[in-house]
Ligand SMILES: NC(=O)c1ccc[n+]([C@@H]2O[C@H](COP(=O)([O-])OP(=O)(O)OC[C@H]3O[C@@H](n4cnc5c(N)ncnc54)[C@H](O)[C@@H]3O)[C@@H](O)[C@H]2O)c1
Ligand SMILES: [Zn+2]
């Protein structure tokens, strides 16, 4: 078993082990006095995995119930949270009880948000089952739901008490979602780890998945420990995301997935920064080749002028400027503020 300790305000551990689902109760029991545990999961994941988690919790003395919502980003809203609260109330969940998020990033973000707010906050455990959730969203304590006007606009910082990662669950993850998660994996290599990037180049990601998860989670842990509330360094995790978010918006959040948008955004910003002499020569081509190897996009049909216009409305915008993340070289990055007035010159539009 691999273990990563996260020393945030409220410290917790991430345990990575094949078939750890069947040992959920064993690892949760020492951390809580809870009598009841509600498993939150979606309509794809619950039929495959909920019983295993439930049985393990019950073997360790928990009374359990399962709340299942319709799979997909469109469920990530307050109306689903309200249904969740009703389920918690009807199952007599108290402040000392516990919520278990079993699923992808949508499940983790929502179950985490419900945990942060129900009875002013109760404990929760993350059991991420998508690659994106295993390498990214389950670590760091950001929880949220979407509003009709935009993604992740309502949320809370709420750390889990434990994260259990079972790489075996990736065998049932649809290929498109696996590729999506790889977009974020490549991001970690770009911003912090040339060795990870090189392994992704030389080997096949599927053959190194345990190492990949461990490496990505460790990077995210390091960043989050330094900047739990996302006021500084944590912004580096947004490499590729500013242009990526603009692309998602232009696609009306359909067709292009988040990981694909981040990939295209990362490739585009790196080409531009390399042209400005802000990134070591050859980085953009190397990044493009790696993304292509894993079937990820490196460009878009939208005109740069449209993307730049969409970028001006990005959530991460702080008034008149936007923080962009640039690679100095593969494996190293820096944050640079760019004034929206200078966008024309910078992006050449
Ligand atoms: N909190 C954070 O820090 C953070 C970071 C990145 C992304 N996110 C959020 O994460 C969400 C995206 O996460 P996601 O891509 O995991 O979405 P998701 O939860 O919708 O999962 C993707 C799809 O895969 C299915 N699935 C998941 N695991 C499976 C498995 N093992 N077997 C079969 N099917 C499985 C799901 O049912 C869903 O259909 C977005 O809402 C995004 O905003 C949050
Ligand atoms: Zn992302």
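Residue numbers (my numbering): 10 to 358.
C-beta: ideal position from N, C-alpha, C; glycine also.
All figures in this text were calculated on a predicted structure; none of them were measured in a lab.
Item: According to DSSP, residue 108 sits in a beta bridge with which residue or residues?; Value: 47, 133
Item: For the beta strand (DSSP E) holding residue 197, just list the boundary residues, first then last.; Value: Residue 197 -> not in any beta strand (DSSP E); alpha helix (DSSP H) instead, spanning 184 to 201.
Item: Specify which residues have a beta carbon nearer than 7 Å to any heavy atom of ligand 2, listing them in chain order.; Value: 145, 193, 250, 267, 271
Item: Cutting at 7 Å between CB atoms, please list the residues of its own chain near residue 97, excluding the five before and the five after it.; Value: 47, 127
Item: Can the beta-carbon of residue 62 be found closer than 8 Å to that of residue 111?; Value: yes
Item: Measuring only the C-alpha atoms, how far is residue 16 from residue 249?; Value: 27 Å
Item: Say yes only if the C-beta of residue 186 is nearer than 7 Å to one or more non-hydrogen atoms of ligand 1, and no if none qualify.; Value: yes
Item: Looking only at C-alpha atoms, which of 45, 22, 269 sits nearest to residue 66?; Value: 45
Item: Tell me which residues share the same chain as residue 104 and place their Cβ nearer than 6 Å to its Cβ, disregarding the 5 neighbours each side in the sequence.; Value: 128, 131
Item: With a floor of 4 residues, list each alpha helix (DSSP H) that falls wholly inside the segment 198 to 259, ordered by position along the chain.; Value: 203 to 211, 218 to 235, 250 to 259
Item: Got a sec: is the Cβ-Cβ distance from residue 275 to anything in chain D below 8 Å?; Value: Of the chains in the structure shown, none is chain D; there is only one protein chain.
Item: Grab me the residues of residue 232's own chain with a C-beta within less than 7 Å of its C-beta, minus the 5 sequence neighbours each way, in chain order.; Value: 242, 243, 245, 246
Item: How close, in whole Å, do the beta carbons of residue 24 and residue 174 come, if the pair is a contact with beta carbons under 8 Å?; Value: 7 Å
Item: Can you name the start and end residues of the alpha helix (DSSP H) that residue 124 belongs to?; Value: 114 to 126
Item: Where do the ends of the beta strand (DSSP E) carrying residue 333 lie?; Value: 330 to 338
Item: Cutting at 6 Å between CB atoms, please list the residues of its own chain near residue 11, excluding the five before and the five after it.; Value: 25, 223
Item: Can you give me the C-alpha to C-alpha distance between residue 275 and residue 196, rounded to a whole angstrom?; Value: 8 Å
Item: Which two residues bound the contiguous beta strand (DSSP E) that contains residue 13?; Value: 11 to 15
Item: So is the beta-carbon of residue 139 under 7 Å away from any non-hydrogen atom of ligand 1?; Value: yes
Item: Please confirm whether residue 271 and residue 253 have their CB atoms less than 8 Å apart.; Value: yes
Item: Going by beta-carbon coordinates alone, are residue 191 and residue 214 separated by less than 8 Å?; Value: yes
Item: Alpha carbon to alpha carbon, how far is residue 236 from residue 184?; Value: 33 Å
Item: Buried or exposed: which applies to residue 14, given that a residue is buried once 16 or more other Cβ atoms fall within 10 Å of its Cβ?; Value: exposed
Item: Among 177, 280, 19, 296, whose alpha-carbon lies nearest the alpha-carbon of residue 374?; Value: Given a span of 10 to 358 for the chain in the structure shown, any question on residue 374 remains unanswerable.
Item: Please identify the residue among 288, 354, 84, 95 whose C-alpha is closest to the C-alpha of residue 74.; Value: 95
Item: How about residue 162: is its Cβ closer than 7 Å to a heavy atom in ligand 1?; Value: no
Item: What residue range is occupied by the uninterrupted alpha helix (DSSP H) comprising residue 153?; Value: No alpha helix (DSSP H) contains residue 153, which is instead part of the beta strand (DSSP E) from 151 to 156.
Item: Assuming residue 171 and residue 134 are in contact, meaning their beta carbons sit under 8 Å apart, how far apart are those beta carbons, in whole angstroms?; Value: 5 Å
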